[in-house]
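Letter by letter, the sequence shown follows residues 349 to 730 in this note's numbering. Ideal Cβ placement from N, Cα and C applies to all residues, glycine included.
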Amino acid sequence: MENKFNIRKSNIVEILNLLYNKPNISRIEISKLINLNKASVSEIVSLLIEKDIVSEIGIGNGSSSGGRKPILLKLNEKAGCSLGIDLGIDYVSFLLTDINKNALAYEHREIEINQNNVVEIVVNIINSLQDVINQYNYGLIGVSLAIHGRVFMDEIKFTHYYDLDKIDLKGELSKLMPNTSFHLENESNLAAIGEFQNSSEPLNNSVVINIHTGIGAGIIINSELYSGFEGRAGEVGHMVLIPNGKKCPCGNNGCFEQYCAIPALLEDFNKNSQTKISTIKQLCDLYKSDDKVAIDALSRNIEFIAMGLTNIFNFFAPDNIFIHSELIDYIPEYLTLVNNKINSIFSKDITLLENKLDGKSNLYGGIHRCIFDFFDRFTDII
């Protein structure tokens with residue numbers, strides 16, 4: 349039988365999670381939603397107000413039978429702030445928010461990330477935000493690092509396109525900043541969490557496909573992130589699309605990302621054109637100007653993407669598939685073209701959706717993870 353301390357801790361965490369996901373509710377609503385008696389709810393809420401993590405914000409509507417109008421509650425926006433950092437292959441971006449997900453700072457910059465500079469980059473970002481962080485009651489409640497590779501239990505297991513798997517990144521950062529809680533996760537998994545948590549509609553079974561230097565997937569099954577054995581789920585970029593095809597760094601031939609990731613698309617264009625390009629924007633500009641080589645390269649890309657997405661749909665049968673790619677930013681009709689190809693070749697009715705969070709899904713996913721972890725640790729902190 350659970351002891352009283354563990355039950356009370358569980359109740360505190362449940363109330364904090366509820367206020368995070370459903371702000372502006374009353375004590376009586378909390379009591380009904382989590383099936384906890386009113387006296388216990390009132391006692392816990394009083395403690396949370398005393399500890400400056402919950403605020404009373406005004407009066408709600410009374411019941412039709414009359415009586416006193418309820419006082420509404422929400423998380424105190426000054427309780428703490430959460431930091432999400434996306435460590436790309438050739439860029440870093442970060443987002444700092446308060447505990448209610450209101451953005452406080454954002455930056456994106458181009459820089460090559462490697463084992464020799466990554467610790468300094470992360471520490472410098474945190475230090476640059478200290479003036480903002482110091483204004484919050486509990487300061488920086490967590491830092492999430494989105495890794496472009498396989499991660500399991502905060503440990504980087506394998507990275508194809510940079511060498512961050514050669515260092516104990518969490519260990520190195522924790523030595524330098526022992527009072528900061530660091531969380532490492534695959535960037536596609538964080539993107540899936542971000543889309544799931546920020547959606548106004550149910551996303552009980554969804555897949556998020558990130559198309560960058562490589563291709564990865566974040567998978568939501570029955571409203572839970574599915575990461576598989578040692579974090580191996582979602583490595584869809586390495587399913588074989590073309591038997592005996594192009595060599596992949598993973599050791600296989602014909603992998604999905606060797607035909608559909610951004611470098612593969614640029615390589616395809618450059619191989620067939622006298623004009624050499626290095627960015628996806630250049631390719632899309634040529635496509636819009638009716639350059640035949642660009643049109644042909646995009647056409648092949650769309651056909652391969654359609655094949656890969658159909659395989660993914662057959663594996664997981666999700667309600668929808670999110671596609672995160674620069675291609676959609678520059679060619680808004682890209683998803684429609686992919687969907688048309690899927691329907692014409694495979695007669696599949698697949699719902700494709702674009703990034704709903706302005707390219708920041710993995711940052712918001714990391715922020716969610718930090719906040720939920722803070723709630724779990726809160727009874728130890730106080």
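Exposed or buried, Met501, counting other C-beta atoms within 10 Å across all chains shown (16 or more means buried)? exposed
Between the CA atoms of Ser379 and Arg498 - distance to the nearest angstrom: 41 angstroms
Just to confirm before moving on: does the CB-CB distance between Glu535 and His508 stay below 8 angstroms? no
Please name the residue, chosen from Lys417, Val471, Glu681, that lies closest to Lys636 on a Cα-to-Cα basis. Glu681
In chain order, what residues of the same chain have a beta carbon less than 7 angstroms from the beta carbon of Met655, not counting five sequence neighbours either side? Leu589
Check each candidate in Ile355, Val440, Lys417 and name the one with the smallest Cα separation from Gly707. Val440
So what does Cys429 bridge to, in DSSP terms? Answer by DSSP bridge pairing, in chain order: Asp446, Leu488.
Glu503: first and last residue of the uninterrupted beta strand (DSSP E) it sits in: 503-506
Along the chain, where does the beta strand (DSSP E) containing Tyr574 start, and where does it finish? 572-574
Is the separation between the beta-carbon of Leu538 and that of Gly713 shorter than 8 angstroms? Their beta carbons are under 8 angstroms apart, which means Leu538 touches Gly713 by this criterion.
C-alpha gap between Ala581 and Ile563, whole angstroms: 13 angstroms
According to DSSP, simplified to helix, strand and coil, what is Gly599? coil
Near Ala453, what residues of its chain come up, given a Cβ to Cβ distance below 8 angstroms and the 5 sequence neighbours on each side ignored? Phe442, Leu443, Leu444, Leu477, Val480
Cβ neighbours of Asn649 in the same chain (closer than 7 angstroms, five flanking residues each side left out): Within the same chain, Asn649 has close Cβ partners Cys608, Leu613.
Going by C-alpha distance, which of Ala645, Ile669, Thr658 is nearest Ala540? Ile669
Identify whether Asn454 lies in helix, strand or coil by the three-state DSSP scheme. In the sequence under discussion, the amino acid at residue 454 is Tyr, which differs from the Asn named in the question. Under the three-state reduction of DSSP, Tyr454 is assigned to strand.
Rounded to the nearest angstrom, what separates Leu573 and Cys718 at their Cα positions? The alpha-carbon atoms of Leu573 and Cys718 are separated by roughly 15 angstroms.
By DSSP's criteria, Asp434 is part of a beta bridge. Which residues make up the other side? Ser441, Ala494
If you run the structure through DSSP and keep just helix, strand and coil, what is Ser673? strand
Counting C-beta neighbours from all protein chains within 10 Å, is the total for Asp434 16 or more, i.e. buried, or is it exposed? When all chains shown are included, Asp434 counts as buried.
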